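In my numbering, each residue carries its 1-based index in the sequence shown increased by 1465. Ideal placement from N, C-alpha and C gives every residue a C-beta, glycine not left out. Predicted model only: the values in this text are computed from it and were never measured. Following: one structure in structure tokens, then a few remarks.
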Amino acid sequence: MGPAVKFASRKRHLIAGNWKMNGLLEDVGQFTDALNDNPAPDHMEVALMPPFTLLYCMAEPLRQKDVRLGAQSVYFEKSGAFTGSISAMMLRDVGCHYVILGHSERRDIIGESNNMVHAKLDAAWNAGLEPILCIGEHLQERENSKTNSVLAEQLSVLEAASVDVPLTVAYEPVWAIGTGLTATPEQVTTTHAFIHGELARMGHDCRVLYGGSVKPENAASLMACPGVEGALVGGASLQAESFNKIIQAAASVAAGE
Ligand code: PGA
């Protein structure tokens, strides 16, 4: 028997590029000139999350290509003596629509806890940002059959959230990020069904993206998995050529071609 959740194909899919700690001012012109317009705007959105330093100068060229701007993190306080931090209102001010929260690199390297992710979600919503909440298991957790309990714990930050808030979830198995490994279509389908089920239990009906070594070669097959409504792309979003190809592949799937 298939999963007892309805996949919402009416949602516009999202292809989002996460540049991580990459990109200088000198790279911006070449990238934005080479970036194609969204080939299927009725079915799909495109977004880019450059580093903080490039947000302001990329806002306008991306807007001209109908590409939404996002940030890779935010601090949960509104303003004040928090040296080195950026608030959600500052991100809105510079033109961001999205903010990535709970990325495994922030959880694992910076030590960001679920409690902190929870506080950041509230800060993002209060400022009118749409969070892209990243969740994912480590390889050992998958091998020990802990995937679902890890994901449920990470999703529990949504338990008390209003069901009307703007929200996208990204499933990114940690072992597939930057490694060239991708989850198999079966693993992706099963895991997305579990995530959609957990979200539905909490009353949320949001998009769930897949992330982890998404490339032009595998984008179409990953996007065709039931319950996958877009991708969060790291390394392959740094070059306009490969990002264009992923967008094109995902657009064909989203448009049902
Ligand atoms: P990757 O990164 O595509 O380079 O694996 C994905 C991500 O971390 O969002």
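- Following the DSSP letters along the chain, one finds GLU1525 in no beta strand (DSSP E) but inside the alpha helix (DSSP H) bounded by residues 1517–1529.
- In the displayed model, LEU1646 falls within coil according to three-state DSSP, outside both helix and strand.
- An exposed status is given to GLN1529, since fewer than 16 other beta-carbon atoms sit within 10 Å of its beta-carbon.
- Rounded to the nearest whole angstrom, the C-alpha separation of GLY1488 and TYR1563 is 19 angstroms.
- Residue environment: THR1518 is assigned as exposed (fewer than 16 neighbouring CB atoms within 10 Å of its CB, all protein chains considered).
- Taken through DSSP and simplified to helix, strand or coil, LEU1623 comes out as helix.
- Taking 8 angstroms as the upper bound for CB-CB distance, ALA1481 and VAL1539 are not in contact here, some 16 angstroms apart.
- No heavy atom of the ligand PGA is found nearer than 7 angstroms to the CB of HIS1657.
- GLY1494: member of the alpha helix (DSSP H) spanning 1490–1499, first to last residue.
- Around the C-beta of VAL1622, 16 or more other C-beta atoms lie within 10 Å, and the residue is accordingly described as buried.
- In the displayed model, ASN1709 falls within a helix according to three-state DSSP.
- Where LEU1556 is concerned, the enclosing alpha helix (DSSP H) starts and stops at 1553–1558.
- At the C-beta level, ALA1626 and LEU1674 stay beyond 8 angstroms of one another.
- Collapsing the DSSP output to three states places ASN1483 in a strand.
- For HIS1568, the shortest separation between its Cβ and any heavy atom of the ligand PGA lies below 7 angstroms.
- Counted as a single uninterrupted DSSP element, the alpha helix (DSSP H) harbouring MET1581 occupies residues 1579–1592.
- Annotation for LEU1616: ILE1600, GLY1601, GLU1602, TYR1636, THR1656, PHE1659, ILE1660 and GLU1663 place their beta carbon closer than 8 angstroms to its own, counting only its chain and skipping 5 residues before and after.
- Judged by the Cβ position, VAL1630 fails to qualify as a neighbour of the ligand PGA at the 7 angstroms threshold, every heavy atom of the ligand being at least this far.
- Setting aside the 5 residues that flank it on each side, GLY1593 is surrounded in the same chain by ARG1557, each with a C-beta closer than 7 angstroms to its C-beta; the list follows chain order.
- Here the distance from the Cβ of VAL1673 to the nearest heavy atom of the ligand PGA is not below 7 angstroms.
- Secondary structure of HIS1562 (DSSP, three-state): coil.
- With respect to the 8 angstroms criterion, VAL1653 and ALA1685 are not classified as neighbours on the basis of their beta carbons.
- In the DSSP annotation of this structure, LEU1703 is not part of any beta strand (DSSP E), being labelled neither H nor E.
- Per the DSSP secondary-structure output, ARG1533 pairs in a beta bridge with ALA1512.
- Look at ALA1635 here: in three-state DSSP terms it is strand.
- According to the DSSP assignment, PRO1596 belongs to the beta strand (DSSP E) that extends over 1595–1600.
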